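A short worksheet on the structure shown next.
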Amino acid sequence: MNWNAVAGRFTPPARLAVIGDPIAHSRSPQMHNPALQACGIEAQYIRVQVPVGRVAEAFRQFAACGFLGVNITIPHKFEALDAVDVLDPLAKQLGAVNTLAIREGRLHGYNSDGPGFLRSVKEAFGVEVKDLRVLILGAGGGAGRAVAVQCALAGCSNIVLANRTHEKAVGVMFEIRDVMKSVGTASRAGKAGAVEAIEMDDVHLANQMGNSDLIVNATSLGMKPTDGRLLPGDALEARHLVFDMVYRAGGETPLLADARRAGAKTVDGLSLLLHQGAISFEHWFDRPAPLKVMREGLQNAVMA
Ligand SMILES: NC(=O)c1ccc[n+]([C@@H]2O[C@H](COP(=O)([O-])OP(=O)(O)OC[C@H]3O[C@@H](n4cnc5c(N)ncnc54)[C@H](OP(=O)(O)O)[C@@H]3O)[C@@H](O)[C@H]2O)c1
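Just so you know, we're using the working numbering here: the sequence shown kicks off at 16 and counts up by one.
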């Protein structure tokens with residue numbers, strides 16, 4: 016790729032990007048470009064497809080072309096961990112980098128998905144994650160593990176992990192125990208924080224519903240209307256808070272449809288996209304992000 020040509024092809028010039036493989040579907044440019052414009056920043060945010068194994072090389076090229084920052088999406092968030100000069104401690108703990116800030120040629124790696132999740136829960140449900148009993152579906156995947164660690168770091172004292180491949184949830188459970196110990200989490204009853212890994216089947220999930228406040232879907236299921244149910248049909252109640260990290264263009268995910276029928280409060284993956292994007296913006300420009308403009312940009316992109 017001729018990187019200088021990529022950067023110079025745009026007016027204003029490209030100085031920010033999102034990388035992934037594939038990347039054409041990303042709505043991040045429609046969220047960030049209105050934000051840059053609203054803040055009077057002479058820069059453009061573009062999509063760049065980068066193949067697996069080429070992330071470090073891409074980062075160096077971005078730095079050489081005068082880029083300020085990069086967002087990193089599937090499948091590069093883990094590869095990016097080893098491709099930065101300075102790794103933020105939270106990104107290290109969450110095990111993934113989704114934001115690169117380039118300062119004086121140095122590559123700084125951050126994770127805005129975890130803190131974005133906390134902001135999203137607060138905005139959608141008006142509560143702090145630390146006050147909730149959380150059930151995470153898909154806790155063995157990259158996003159699910161990061162959410163579990165972020166909940167534990169935030170002081171959540173009751174976390175249940177479910178994953179199709181059960182051993183992965185068990186591995187995350189041991190990590191979460193260590194995090195809970197390190198932050199000194201105590202339950203409402205004053206006992207040490209509790210984390211459990213369960214089989215992801217109807218019987219085990221149904222048994223957990225009475226002990227859960229917030230249910231998070233971090234599996235990759237829900238994008239297609241034909242994707243099967245994650246929870247037994249009648250498992251959700253009006254008191255549940257349901258966070259689907261998946262976003263489905265042109266319709267609800269099956270989980271959110273079930274939640275709505277049960278009268279539960281819901282939020283979808285678009286909210287996380289917005290809040291993680293706002294935190295990336297804050298890393299790049301050291302100023303609050305224009306959240307309203309970014310939200311409108313995303314909503315317009317979704318309706319287009
Ligand atoms: N809204 C946002 O900004 C945002 C941010 C991050 C992620 N996400 C979304 O979160 C989802 C997960 O992303 P990721 O990066 O964590 O992917 P990942 O690392 O590939 O993990 C995928 C997860 O889904 C589970 N899974 C896949 N197929 C399944 C099935 N048929 N039944 C049950 N579980 C199944 C996997 O279980 P196994 O371990 O058994 O394979 C694993 O837990 C994706 O849809 C992604 O788009 C959204």
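Ideal placement from N, C-alpha and C gives every residue a C-beta, glycine not left out. Please read all numbers here as calculations on a predicted model, not as lab measurements.
Candidates the options, of which the one nearest residue i by Cα
i: H255; options: E267, L105, C80 and L246; result: L246
i: E297; options: A116, A106 and L109; result: A116
i: L152; options: A279, G120, L229 and L313; result: L229
i: P90; options: D100, H181, V112 and C80; result: V112
i: M224; options: S197, A201, A253 and G237; result: A253
i: S197; options: Q314, Q108 and I87; result: Q108
i: V162; options: E119, P269, I191 and R244; result: I191
i: E119; options: L105, A106, G131 and V101; result: V101
i: F93; options: P49, G156 and A79; result: G156
i: I56; options: P27, G35, F140 and I34; result: P27
i: D273; options: V218, R179, D301 and G243; result: G243
i: D217; options: V210, G248, D193 and H40; result: G248
i: A139; options: R302, V231, T281 and M318; result: T281
i: T241; options: S227, R263, R302 and V33; result: R263
i: H219; options: D193, H181 and G186; result: H181
Contact test: residue i Cβ vs ligand 2 heavy atom, cutoff 6 Å
i: V261; result: Questions concerning ligand 2 fall outside what the structure shown contains, since the ligands it does hold are ligand 1.
C-beta atoms of residue i and residue j nearer than 7 Å
i: S295; j: S127; result: yes
i: L51; j: G84; result: no
i: M195; j: G208; result: yes
i: A71; j: A98; result: yes
i: L289; j: R310; result: yes
i: V257; j: A279; result: yes
i: L73; j: V65; result: It is worth fixing the name first, because residue 73 is Ala in this sequence and not Leu. In this structure, V65 lies closer than 7 Å to A73 by Cβ.
i: R42; j: A316; result: yes
i: I38; j: R62; result: yes
i: Q169; j: V144; result: What sits at residue 169 in the sequence shown is Ala, not Gln. In contact: A169 and V144 (Cβ atoms closer than 7 Å).
i: V142; j: I174; result: no
i: D259; j: L270; result: yes
i: A106; j: A154; result: no
i: F25; j: Q59; result: yes
i: A177; j: M238; result: no
i: G159; j: A95; result: no
i: Q165; j: G110; result: no
i: G312; j: P49; result: yes
For residue i, the first and last residue of its enclosing beta strand (DSSP E)
i: V261; result: Looking at the DSSP string, V261 is not in any beta strand (DSSP E), and its letter there is neither H nor E.
i: N315; result: Element bounds for N315: not the beta strand (DSSP E) but the alpha helix (DSSP H), L306 to M318.
i: G2; result: Missing from the structure shown is residue 2; the chain here goes from 16 to 319 and no further.
i: L270; result: No beta strand (DSSP E) contains L270, which is instead part of the alpha helix (DSSP H) from P269 to A277.
i: N232; result: L229 to N232
i: N178; result: N173 to N178
i: N86; result: G84 to I87
i: A209; result: A209 to E214
Spatial neighbours of residue i in its chain, beta-carbon cut-off 6 Å, leaving aside the 5 residues before and after
i: A53; result: P305 and V308
i: W299; result: L83, G84 and A116
Assumed close pair residue i, residue j - CB separation to whole angstroms, cut-off 8 Å
i: L133; j: C171; result: Not confirmed; about 10 Å, so no contact.
i: A250; j: A212; result: Not quite, the Cβ-Cβ distance comes to about 19 Å (not below 8 Å), so this is no contact.
i: D103; j: G124; result: 6 Å
i: R275; j: E267; result: 7 Å
i: A167; j: T114; result: About 21 Å separates the two Cβ atoms, so there is no contact after all.
i: Y122; j: A78; result: First, the residue type needs correcting, since residue 122 is Leu and not Tyr in the sequence shown. Their Cβ separation, rounded to whole angstroms, is 7 Å, which keeps L122 and A78 in contact under 8 Å.
Limits of the unbroken alpha helix (DSSP H) element including residue i
i: K280; result: Run containing K280: none in the alpha helix (DSSP H); it sits in the beta strand (DSSP E), K280 to V282.
i: L150; result: Looking at the DSSP string, L150 is not in any alpha helix (DSSP H); the run it does join, the beta strand (DSSP E), is R148 to L152.
i: E138; result: D128 to F140
i: G157; result: G157 to L168
i: E72; result: V70 to A79
i: E182; result: H181 to V198
i: A98; result: Neither: A98 is in no alpha helix (DSSP H) and is coded neither H nor E.
i: L246; result: First-last for L246: undefined, no H or E at that position.
i: V218; result: D217 to M224
Spatial neighbours of residue i in its chain, beta-carbon cut-off 7 Å, leaving aside the 5 residues before and after
i: G292; result: S43, M46, H47 and M309
i: R179; result: M215
i: R302; result: none
Same chain only: Cβ atoms within 8 Å of residue i, ignoring 5 sequence neighbours per side
i: S235; result: G153, G156 and V261
i: G186; result: G155
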